[in-house]
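Novice:
Right under this line is the structure:
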């Protein structure tokens, strides 16, 4: 279990560098559509009026106390880089150190160039990120331009043959996945079945994705087969996207695809094939270094396609309602949710939001010589971009680290995006937005907690597509924020927010939105907590698709030092008791073997912060000779601990996984290594083991590596040693000894 799942969010200011959003990018009821649109009187509206009114959204608490420091060159192992950021809740378990912030990396040139090519709008506030904008941000001009209620299909399309376009749209609607998914009318029996019955599953292997598991509660679940080739015209994309997608995705196409004239990479083709059926999708093999941008483009295409179709339907019905005869009342124009936001994209850093907006802009620009109108672009670039000169010098980090922590890595943000066919509005109020891009922390500060005066989650009531990207990083931030967000998805709003109930779909009025919501979950690994999101919070009536590839070769094969590995199995009666069982096993069986002076230079790698605090307190109580480093430790404390450990003045070093995730320092002087628990990231195992080669003495015959595991660590164990050895180790009650020669297993 992640340590932060038990922590409550602290009320103390964050230590991260937060750019002031002027409290306008996420204003809820204060800047909702209800300010500019008359509320429609109805029975349902009157009923809502008797309920508790919607509280105002919580404003962000900014803290600009961050520092940026460079790493000093040296051979003693005491060099440090810039301060690390770790939003981790309240350190109420006894750790006295403050949060640090990871190094900011250089932003990609493409996103910066796209956002920098065009002039900023006249309505922009100061574009200098250091300038604190205190006045309320208002944009009346763009508010009216992007209002769906006051726009029509003729005005948006600019096409004279509007009637012809409408007829062609209606003819294609019967096969359109968007129409099929949103127009399906469920019955009470079906909803009851989905709430009570278990899911049936089937498996199939696809060429690129590998082993897929299809699950659904429906009796007739069709197993989807991959398309060998995808014709853009057969994907039912909104018309502009048929032109822009091949051009935008051209740079990612591999040489194999060029010969067959495909506009998708093999991975994108299979992922989009699933996305376009509106099934939930879990893909646990997303990495920022390899396929991160490839996947981001695919889900941006799907999300934008959904928004354009939904808005086009509303605009078309606006014209029909305007042209209908007076006194004719019809119920055929139900085309909206209870609130306007349709897509929620959850990403870890501002850099990710910057790239998403860049992709959306590129996909909307049909003609390269004619840029679309993007309001507030310069302000967005100032707050979400980064300065390449801020990159600290002398940094030597793995490639995957450089990819994850590129650009602006602030993790406290949220921004609303309103889209029409030829224009985009950034910093739109949530209730006037089509897409919301936010971090878990950014959502948490808006949603608030029960009992707080300033909290709002009504804008999540009608989310139709939820995209959670890089979910593994949230395990290193605060997983509780993700769980808190999922608990507030698709709930009935507390206020009407000026909605016209005659236009609201019955599925929303029946509070069945969660059964129509598509969830796209991307992660770099399979983890029980991430799996629980997909298994317990996804209710899509069309079913779920999960990629379940089993690692044949573990990360232990990447260990380059000659090192004996001893895997010691501990027994636990249940998953909840494994924490205490591991601690007791460590102090009774493992620690006594390392108390002797000859077993000096022992590093204890601890993934869980709670386990780290528990071990630290025990070591203090027993007066053991040790030092400790965690994600809260100040720079001076880190330098001191590394120096004492390298010189042998301290026998033990307790190290948390989050410190390694955010810093990736090479700890010198390790002779004995203990994995208190298997690492969350499989490649961390080989990285920690390979630190032993940094010791000046070279290969040492006394080097040891001990790993504690239980039967509940099957996923982590398979990622480290491979599936075959995992099966043998879980069946056997004995300790397993492995020896790595430095070349192979």
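Numbering (the numbering used here), first residue to last: 1086 to 1830. Glycine residues also receive a C-beta, built at the ideal position from the N, C-alpha and C atoms.
Taking the straight line between their C-alpha atoms, what separation do you get for residue 1689 and residue 1761?
Specialist: Whole-angstrom Cα-Cα distance: 6 angstroms.
Novice: What's the call for residue 1832, buried or exposed, on a 16-neighbour Cβ count within 10 Å?
Specialist: Within the shown structure, residues of the chain are numbered from 1086 to 1830, placing residue 1832 beyond reach of any answer.
Novice: Span of the alpha helix (DSSP H) holding residue 1493?
Specialist: Premise fails: residue 1493 is in no alpha helix (DSSP H) and is neither H nor E.
Novice: Out of 1391, 1509, 1406, 1433, which one is the CA nearest neighbour of residue 1442?
Specialist: The residue with the shortest Cα to Cα distance from residue 1442 is 1509.
Novice: Cα-Cα, which of 1799, 1420, 1750, 1749 is closest to residue 1763?
Specialist: Selected option, being the one with the closest Cα: 1799.
Novice: What are the boundary residues of the beta strand (DSSP E) that includes residue 1552?
Specialist: Looking at the DSSP string, the run of the beta strand (DSSP E) that includes residue 1552 is 1550 to 1553.
Novice: Check the DSSP bridge columns for residue 1308 and list the partner residues they point to.
Specialist: Its beta-bridge partners do not exist; DSSP assigns none.
Novice: Which of the three DSSP states, helix, strand or coil, is assigned to residue 1377?
Specialist: It is helical.
Novice: Reducing DSSP to helix, strand and coil, say where residue 1794 ends up.
Specialist: Strand.
Novice: By how many angstroms is the C-alpha of residue 1456 removed from the C-alpha of residue 1195?
Specialist: Only weak support exists for where residue 1195 lies, its pLDDT of 48 falling under 50; the value from the coordinates is given anyway. Taking the straight line from one Cα to the other gives about 15 angstroms.
Novice: At the level of alpha carbons, what is the spacing between residue 1237 and residue 1395?
Specialist: Looking at the two C-alpha atoms, the distance is approximately 13 angstroms.
Novice: Going by C-alpha distance, which of 1647, 1592, 1777 is nearest residue 1269?
Specialist: Residue 1269 has its Cα closest to that of 1592, out of 1647, 1592, 1777.
Novice: Whole angstroms are fine: how far does the CA of residue 1337 sit from the CA of residue 1429?
Specialist: When rounded, the distance between both Cα atoms is 25 angstroms.
Novice: Does the segment 1767 to 1777 come close enough to the segment 1631 to 1649 to have 3 or more Cβ pairs within less than 8 angstroms?
Specialist: A contact exists between the segment 1767 to 1777 and the segment 1631 to 1649.
Novice: Output the residue ranges of the alpha helix (DSSP H) runs that lie fully inside the segment 1543 to 1610 and measure 4 residues or longer, sorted by chain position.
Specialist: Fully enclosed alpha helix (DSSP H) runs of 4 or longer: 1556 to 1561, 1564 to 1572, 1591 to 1594, 1598 to 1601.
Novice: Three or more beta-carbon pairs under 8 angstroms between the segment 1390 to 1408 and the segment 1623 to 1642, yes or no?
Specialist: Taking 8 angstroms as the limit for Cβ pairs, the verdict is that the segment 1623 to 1642 does not touch the segment 1390 to 1408.
Novice: By Cβ distance, which residues of its chain are closer than 8 angstroms to residue 1382, with the 5 residues on each side in sequence left out?
Specialist: Cβ neighbours of residue 1382 beyond the five flanking positions: 1333, 1334, 1337, 1353, 1444.
Novice: Which same chain residues end up closer than 7 angstroms to residue 1527 when comparing Cβ atoms and leaving out the 5 residues on each side of it in sequence?
Specialist: Within the same chain, residue 1527 has close Cβ partners 1497, 1498, 1499.
Novice: Quick one: does the C-beta of residue 1683 sit closer than 7 angstroms to a heavy atom of the ligand MG?
Specialist: Although the ligand MG was asked about, the structure shown includes no ligands whatsoever.
Novice: Only counting the same chain, and skipping five residues up and downstream in sequence, which positions put a Cβ closer than 6 angstroms to that of residue 1178?
Specialist: Residue placement at residue 1178 is flagged as unreliable, the pLDDT there being 40, under the threshold of 50; a coordinate-derived value is accordingly withheld.
Novice: Cutting at 6 angstroms between CB atoms, please list the residues of its own chain near residue 1387, excluding the five before and the five after it.
Specialist: Excluding sequence neighbours, residue 1387 sits near 1360.
Novice: If you pair each beta-carbon of the segment 1456 to 1471 with each one of the segment 1569 to 1585, do three or more pairs fall below 8 angstroms?
Specialist: No: fewer than three Cβ pairs fall under 8 angstroms.
Novice: Please determine, among 1732, 1369, 1599, 1489, the residue with the shortest C-alpha to C-alpha distance to residue 1363.
Specialist: Of 1732, 1369, 1599, 1489, the residue nearest in Cα terms is 1599.
Novice: Using 8 angstroms as the threshold, is the segment 1270 to 1281 in touch with the segment 1603 to 1612, meaning 3 or more CB pairs across them?
Specialist: Contact fails: fewer than three Cβ-Cβ distances are below 8 angstroms.
Novice: In whole angstroms, what is the alpha-carbon distance linking residue 1817 and residue 1652?
Specialist: Approximately 12 angstroms between the Cα atoms of the pair.
Novice: Residue 1271 by DSSP, collapsed to three states: which one?
Specialist: Residue 1271 falls in the coil class under three-state DSSP.
Novice: CB residue 1425 to CB residue 1495, shorter than 8 angstroms?
Specialist: Their beta carbons are not under 8 angstroms apart, which means residue 1425 does not touch residue 1495 by this criterion.
Novice: Grab me the residues of residue 1675's own chain with a C-beta within less than 8 angstroms of its C-beta, minus the 5 sequence neighbours each way, in chain order.
Specialist: Excluding sequence neighbours, residue 1675 sits near 1653, 1759, 1791, 1793.
Novice: What is the rounded straight-line gap between the Cα of residue 1365 and the Cα of residue 1680?
Specialist: Straight-line Cα distance between these residues: approximately 51 angstroms.
Novice: Pull the bridge partners of residue 1807 from the DSSP assignment, please.
Specialist: Its beta-bridge partners do not exist; DSSP assigns none.
Novice: Consult DSSP for residue 1530 and reduce its assignment to one of helix, strand or coil.
Specialist: Three-state result, residue 1530: helix.
Novice: My assumption, with CB atoms under 8 angstroms, is that residue 1423 sits in contact with residue 1589. Please give the rounded CB distance.
Specialist: Indeed, because the Cβ distance is near 6 angstroms, the residues count as touching under 8 angstroms.
Novice: Give me the Cα-Cα distance between residue 1628 and residue 1391, rounded to the nearest whole angstrom.
Specialist: Near 18 angstroms, if we compare the C-alpha coordinates of residue 1391 and residue 1628.
Novice: Please report the straight-line C-alpha distance between residue 1586 and residue 1420, rounded to a whole angstrom.
Specialist: Looking at the two C-alpha atoms, the distance is approximately 10 angstroms.
Novice: Under 8 angstroms between the Cβ atoms of residue 1427 and residue 1228?
Specialist: No.
Novice: Consult DSSP for residue 1466 and reduce its assignment to one of helix, strand or coil.
Specialist: In this structure, residue 1466 counts as helix in the three-state DSSP scheme.
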